[in-house]
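Trainee: Handing you this structure, nothing more for now.
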Amino acid sequence: MKIDLQYVVDFLVSLVNIPSPSGNTEQVIQFIEAECARLGVENKRNNKGGLILSVPGKNNDVHRVLTAHVDTLGAMVKEIKGNGRLKLTLIGGFAFNAIEGEYCTVETADGKLITGTIQSTHASVHVHKDTRTHERNADTMEVRLDAVVKTADDVRELGIEVGDFVSFNPRCEVTETGFIKTRHLDDKASVACMFGALKSVLESGEQLPYTTHFLISNNEEIGYGANSNIPPQTVEFLAIDMGAIGDGQTTDEYCVSICAKDSSGPYHYGMRKHLVELAKANGLNYAVDIYPFYGSDASAAMSAGVDVKHGLIGPGIDASHSMERTHKSSFENSVKLIVAYLQSDLVK
11 MKIDLQYVVD FLVSLVNIPS PSGNTEQVIQ FIEAECARLG VENKRNNKGG
61 LILSVPGKNN DVHRVLTAHV DTLGAMVKEI KGNGRLKLTL IGGFAFNAIE
111 GEYCTVETAD GKLITGTIQS THASVHVHKD TRTHERNADT MEVRLDAVVK
161 TADDVRELGI EVGDFVSFNP RCEVTETGFI KTRHLDDKAS VACMFGALKS
211 VLESGEQLPY TTHFLISNNE EIGYGANSNI PPQTVEFLAI DMGAIGDGQT
261 TDEYCVSICA KDSSGPYHYG MRKHLVELAK ANGLNYAVDI YPFYGSDASA
311 AMSAGVDVKH GLIGPGIDAS HSMERTHKSS FENSVKLIVA YLQSDLVK
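Each residue of the sequence shown is one higher than the last, beginning at 11 in the numbering used here.
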């Protein structure tokens, strides 16, 4: 089955340039709805604002669900300081040092966008002796707005209030060497891979063996993205999320990663072996790994008591929850494994 890798990359670039911190994903969901309409895929929203795509299969008695999440890390305005700077509260599990020096955008309740920069309160080495050692936390980091503001009242006159969402500039770049470096590869890379697989299946004209649902969740970074709205006929649940890279890991930026265990515990053993067998049979570059400080929409579904066999795969992503990077070959291996899984028999 033909894989349109350029489609995957282009779709990703579009996704990462649409701000969508958890809790404020309307714009990106609308973008995906438009793509579903273009591909001719039936879809509907759930009450949480996520999107469920459905593709009828030869067998409609048992279903599969694949999920990837479109919400990202971000922040909200916690406090408007007397000097016109903003304190932040973080959305998602990351450290303040990961966004120090980053450009950002504050979105007011009426949709006005105001840019700024996230930095330490002791940013200047010419003024503060402890610039290098000053702790980075919610009290020592702030947003410097690109507006003439000197007081809290000045900021409020712009329309900014506590609770406004703050998104980070993705700084997306696709290099001539095939790397994609940008914020928010977690998990928009997986959404792009899932759509690449879906496009390949639709263009092939081959009917899937089982009715399959593709759940675009929008609250994964805060723990409850895809643990509901799972059709009762579902017997297998595959999350597609980033493969973590680092010390002690076998996953790299070129492979598809298959998760054996994360912080929630082991994934379904039969499902994992099935995915490995498919990767081997299709000559894919893959790695099996354990993600020690990680949870997915599949593990959230398990915690919610969903009675399915669960698995987790995804492209290898370097520097997760920071300035992330991967390679086109990881996309290719991931899309091919998704397609192989969609065409395969159920796990025994």
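The beta carbon of each residue, even a glycine, is placed where N, CA and C say it ideally should be.
As the structure is a computational prediction, the values presented were derived from the model and not from experiment.
Ignore the nearest five residues each way along the sequence and tell me which others in residue 328's own chain have a CB closer than 6 Å to its CB.
Mentor: 255, 263, 335.
Trainee: Identify, in the order they occur along the chain, each residue of the same chain with its Cβ nearer than 7 Å to the Cβ of residue 340, setting aside the five sequence neighbours on each side.
Mentor: Closer than 7 Å at the Cβ level, and outside the excluded window around residue 340, lie 263, 264, 265, 266, 325, 326.
Trainee: Pick out the complete beta strand (DSSP E) segments inside the stretch 68 to 101, 3 residues or longer, and give them in chain order.
Mentor: Counting whole runs of 3 or more residues, the stretch 68 to 101 contains the beta strand (DSSP E) stretches 84 to 90, 96 to 101.
Trainee: For the candidate residues 150, 297, 166, 103, whose alpha-carbon lies nearest to that of residue 117?
Mentor: With distances taken between Cα atoms, residue 117 lies closest to 166.
Trainee: Please determine, among 344, 200, 76, the residue with the shortest C-alpha to C-alpha distance to residue 290.
Mentor: That would be 344, whose Cα lies nearest to the Cα of residue 290.
Trainee: What are the residues that DSSP puts in a beta bridge with residue 254?
Mentor: According to DSSP, which records beta bridges pairwise, residue 254 is partnered with 327.
Trainee: Would you say the stretch 37 to 51 touches the stretch 311 to 319, given that touching needs at least three Cβ pairs under 8 Å?
Mentor: Flag = no, the stretch 37 to 51 and the stretch 311 to 319 do not touch.
Trainee: Quick check: the stretch 224 to 238 against the stretch 51 to 68, are at least 3 beta-carbon pairs closer than 8 Å?
Mentor: With the cut-off at 8 Å, the stretch 51 to 68 and the stretch 224 to 238 touch.
Trainee: Nearest to residue 178 by CA position, among 168, 11, 283, 83, is which residue?
Mentor: The shortest Cα separation from residue 178 among 168, 11, 283, 83 belongs to 83.
Trainee: Going by DSSP in three states, residue 294 sits in which element: helix, strand or coil?
Mentor: Looking at residue 294 - three-state DSSP - the assignment turns out to be coil, as it is neither helix nor strand.
Trainee: What does a CB cutoff of less than 8 Å around residue 286 pick up in its chain, not counting 5 residues either side in sequence?
Mentor: Excluding sequence neighbours, residue 286 sits near 268, 296, 298.
Trainee: Can you tell me whether residue 46 is helix, strand or coil according to DSSP?
Mentor: Of the three classes helix, strand and coil, the one that applies to residue 46 here is helix, per DSSP.
Trainee: Residue 373 by DSSP, collapsed to three states: which one?
Mentor: No answer is possible for residue 373: it lies beyond the span of the chain, which begins at 11 and ends at 358.
Trainee: Could you pull the start and end residues of the beta strand (DSSP E) that residue 129 belongs to?
Mentor: Taken as a continuous stretch (DSSP letters only), the beta strand (DSSP E) holding residue 129 covers 123 to 130.
Trainee: May I ask you to verify whether the stretch 125 to 141 touches the stretch 102 to 111, counting CB pairs closer than 8 Å and requiring at least 3?
Mentor: The stretch 125 to 141 is in contact with the stretch 102 to 111.
Trainee: With 16 other CB atoms within 10 Å as the buried threshold, where does residue 175 fall?
Mentor: It is buried - the Cβ of residue 175 has at least 16 other Cβ atoms within 10 Å.
Trainee: From 58, 36, 79, 72, pick the residue whose C-alpha is nearest to that of residue 22; which is it?
Mentor: The candidate whose alpha carbon is nearest that of residue 22 is 79.
Trainee: Closest Cβ-Cβ distance between residue 193 and chain B: below 8 Å?
Mentor: Protein chains in the displayed structure number just one, and chain B is not present.
Trainee: Going by other Cβ atoms of all chains shown within 10 Å of its Cβ, with 16 needed for buried, is residue 119 buried or exposed?
Mentor: Per the 10 Å Cβ criterion, exposed.
Trainee: Does the distance from the CB of residue 168 to the CB of residue 124 come in under 8 Å?
Mentor: Yes. Within cutoff.
Trainee: Taking all protein chains shown into account, decide if residue 358 is buried (16 or more other Cβ within 10 angstroms of its Cβ) or exposed.
Mentor: With fewer than 16 Cβ atoms within 10 Å of its Cβ, residue 358 is classed as exposed.
Trainee: Give me the DSSP bridge partner(s) of residue 220.
Mentor: According to DSSP, residue 220 bridges with 69.
Trainee: Fully enclosed by the stretch 150 to 209, which beta strand (DSSP E) runs are 3 residues long or longer?
Mentor: Within the stretch 150 to 209, the complete beta strand (DSSP E) runs of at least 3 residues are 151 to 155, 175 to 178, 189 to 192.
Trainee: Please classify residue 47 as buried or exposed, where buried requires at least 16 other C-beta atoms within 10 Å of its C-beta.
Mentor: Under this definition residue 47 is an exposed residue.
Trainee: Have a look at 163, 106, 115 and flag the residue whose alpha-carbon is nearest the alpha-carbon of residue 156.
Mentor: That would be 115, whose Cα lies nearest to the Cα of residue 156.
Trainee: Can you pull the DSSP bridge partners for residue 271?
Mentor: Bridge partners of residue 271: 276, 300.
Trainee: If you follow the alpha helix (DSSP H) that residue 334 is part of, which residue opens it and which one closes it?
Mentor: Note, residue 334: premise wrong, no alpha helix (DSSP H); beta strand (DSSP E) at 334 to 337.
Trainee: Considering only residues of the same chain and omitting the five flanking positions on each side of residue 302, which have a CB-CB separation below 7 Å?
Mentor: So the qualifying residues of the chain are 273.
Trainee: For my contact list, residue 26 and residue 203 are in at a C-beta cut-off of 8 Å; report their separation, rounded to the angstrom.
Mentor: With a Cβ gap of about 14 Å, residue 26 and residue 203 do not count as contacting.
Trainee: Nearest-angstrom Cα distance between residue 173 and residue 72?
Mentor: If I take the Cα positions, the gap works out to 43 Å.
Trainee: How about residue 91 and residue 98: are their beta carbons less than 8 Å apart?
Mentor: Cβ distance not < 8 Å, so residue 91 and residue 98 don't count as in contact.
Trainee: Which word fits residue 68, buried or exposed, when buried means at least 16 other C-beta atoms lie within 10 angstroms of its C-beta?
Mentor: So residue 68 ends up on the exposed side.
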